[in-house]
Every structure is written in C-alpha cells, then in structure tokens.
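Everything in the sequence shown is counted per the numbering used here, starting at 95 for the first residue and increasing by one.
Idealized CB from N, CA, C, for every residue including glycine.
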Amino acid sequence: MYSYKFKKFILLLSLSSFIFAFLIGILVLSLLLNDGPLNIISSPLVGIKMCISAVLVNCLFMFVLTVIYSSERSEDRSFFQPYSFIKSCGLLLLSSVIFHIISILYGAPVLISVEETYTFSVLMSVLVILPLCLFCGPVFDSWYEVFTSSSYLGIETVVYYTSIMSILGSWAGAAAIPLDWDRPWQAWPISCAVGAIFGYCLGLLFGAVQLPRELLNNKWKVI
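Structure below.
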C-alpha cells in the first residue's frame with residue numbers, strides 16, 4: 095500500500111500537470127493571436143524563447159515537487175551530483191546539435207534561418223531531453239526503462255507522455271509546411287515549434303489523467 099505522502103505527491107503532480115498544460119497552452123495561443131511584438135508568427139525567435147522559458151518553469155516546479163517527496167522513492171537518487179549535472183549539460187548541448195542536424199535532414203534551410211533552426215532545436219531539447227536528465231538522470235538505461243516499462247508510477251509517467259507527444263506534435267507541425275497555402279505561420283520553424291509545444295501540453299494532460307488512474311489500480315511499483 096502507498097503511504098499518504100506518496101498519494102498526495104501523485105495527486106499534486108497530476109494537478110500541477112493539468113494546470114501547466116492549461117497555462118502553457120494559453121501562452122501559445124496568445125503568442126499566435128496577439129498583434130504585438132510578441133507574436134510568434136512575426137517574431138518567431140521571441141515566441142519560441144518564451145515557450146522555452148515556460149517549459150523551464152514547469153520543469154523547475156515539478157523538480158522541486160519531486161525533490162520534496164523523493165524520500166518516498168525506493169532508490170535514493172541525488173539530483174545534485176556535480177558529475178551528473180555536467181553530463182546532463184553536455185547531453186542537452188549535444189541533443190540540440192542533433193535536433194539541428196535532424197531538422198536540416200528533414201528540409202530545414204541550411205544557410206538561412208540558422209538562428210531560428212537552432213532555437214527550435216533548443217526547444218526540442220528542453221521538451222524531450224531536459225525532463226529525462228532532470229528526473230531520470232543522465233543514464234541511458236533509465237531513459238530506456240521510461241519508454242519500455244509499464245510499471246512506473248510518478249514523474250516518469252509525465253516524462254513519458256510529454257516526450258512522445260512533443261516529438262509527434264513537431265512532426266505534425268512539419269506536415270503543414272509544404273502545403274501550398276501561403277500562410278505566414280507556415281514559415282520555418284513556426285508550425286513545428288507550435289506543434290511541439292501543443293504536443294507537450296497534451297502530454298501533460300495525458301499524464302494528469304493517467305497518474306490518478308494508475309494510483310487507483312494499485313498495482314504499480316514505486317521507484
């Protein structure tokens with residue numbers, strides 16, 4: 095049986111996932127619909143950087159929440175080891191370069207919009223790689239278990255959904271670029287970035303719904 099503290103952690107994690115999904119979604123909509131200097135269509139760099147900041151705030155909040163309740167986990171993981179921190183920073187930098195290369199391979203401009211492409215790559219690293227480093231550590235075996243094991247209950251559930259949905263959202267956004275609609279939002283990398291962020295929000299919502307369901311099933315192991 096789970097302790098009261100752990101159940102409270104899961105419910106708070108679910109509630110915070112729902113709230114941040116709503117807040118980040120509202121932010122993206124405001125960036126799309128406003129006519130000012132913060133419009134993501136007319137100023138994609140500014141808009142994408144604001145989305146990155148919002149995701150960082152979300153990760154920081156969930157990180158603090160996880161650390162507060164980390165005593166309920168059966169494994170004592172240190173989030174503050176210097177080696178882990180340096181390795182995580184290296185993985186984030188490497189992943190941003192990899193996402194940049196993948197973007198080019200899938201048709202992003204090579205010599206123009208370089209800053210836009212790399213900013214989008216940083217966004218993808220923050221959406222996909224940062225939560226893995228932050229909550230699972232810079233350990234590839236732990237990352238693999240997040241996506242292959244169905245026995246985890248906790249922040250890993252949220253990381254699983256947000257990572258997958260961010261990639262799918264980005265891919266869905268890319269599908270709109272070659273369409274002959276001549277809309278300003280089809281310019282690279284606006285639709286991909288918006289799709290990735292909305293995918294992240296959907297992942298948060300899926301996690302918010304799934305966490306209480308798994309808790310009620312009472313058949314999952316605490317890690």
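By DSSP, does G248 sit in helix, in strand, or in coil? coil
May I ask you to report which of helix, strand or coil DSSP gives I118? helix
Residue burial classification, Y177 (beta-carbon count within 10 angstroms, cutoff 16): exposed
Near I113, which residues of its chain fall below 7 Å by C-beta distance, leaving aside the five closest residues on each side in sequence? none
Where the alpha helix (DSSP H) containing W237 begins and where it ends: Unbroken alpha helix (DSSP H) run through W237: F234 to T242.
Let me know if S285 comes out buried or exposed under the rule of 16 or more other beta-carbons within 10 Å of its beta-carbon. buried
Between the alpha carbons of Y212 and L205, how many angstroms are there, rounded? Going by the C-alpha atoms only, they are around 12 Å apart.
Quick check on D170: buried or exposed, where buried means 16 or more other Cβ atoms within 10 Å of its Cβ? Here D170 scores only 44 on pLDDT, less than 50, and its place in the model should not be relied on; the value that follows carries that caveat. It counts as exposed.
Once DSSP output is grouped into helix, strand and coil, what is the label at V288? helix
Taking A328 as the reference, which of W237, L106 and F292 has the closest Cα? No answer is possible for residue 328: the residues shown for the chain start at 95 and end at 317.
If we call anything under 8 Å between Cβ atoms a contact, is I118 one with N152? yes
Based on Cα-Cα distance, which residue from V233, F241 and G201 lies nearest to G184? Ranking V233, F241 and G201 by CA distance to the CA of G184 puts V233 first.
Throw me the rounded Cβ distance for the I142 and L217 pair, which I believe falls under 8 Å. That pair is a contact at about 6 Å.
Residue range of the alpha helix (DSSP H) that includes V220: No alpha helix (DSSP H) holds V220; DSSP gives it neither H nor E.
State the DSSP-derived secondary structure class of Y200, mapped to helix, strand or coil. coil
By alpha-carbon positions, which one of F214, S215, S243 and I249 ends up nearest to G231? The candidate whose alpha carbon is nearest that of G231 is I249.
Would you call the CB atoms of V288 and V161 closer than 8 Å? no
Going by DSSP in three states, Q175 sits in which element: helix, strand or coil? Coil at Q175, not helix or strand.
From this set, Y294, S136, S264 and V158, which residue's C-alpha is nearest A148's C-alpha? Selected option, being the one with the closest Cα: Y294.
Starting from G141, follow the alpha helix (DSSP H) in both directions and report where the run begins and ends. P138 to I162
Helix, strand or coil, according to DSSP, for L338 in the structure here? Beyond the ends of the chain as shown, which are 95 and 317, falls residue 338; an answer cannot be given.
Only counting the same chain, and skipping five residues up and downstream in sequence, which positions put a Cβ closer than 7 Å to that of S137? P131
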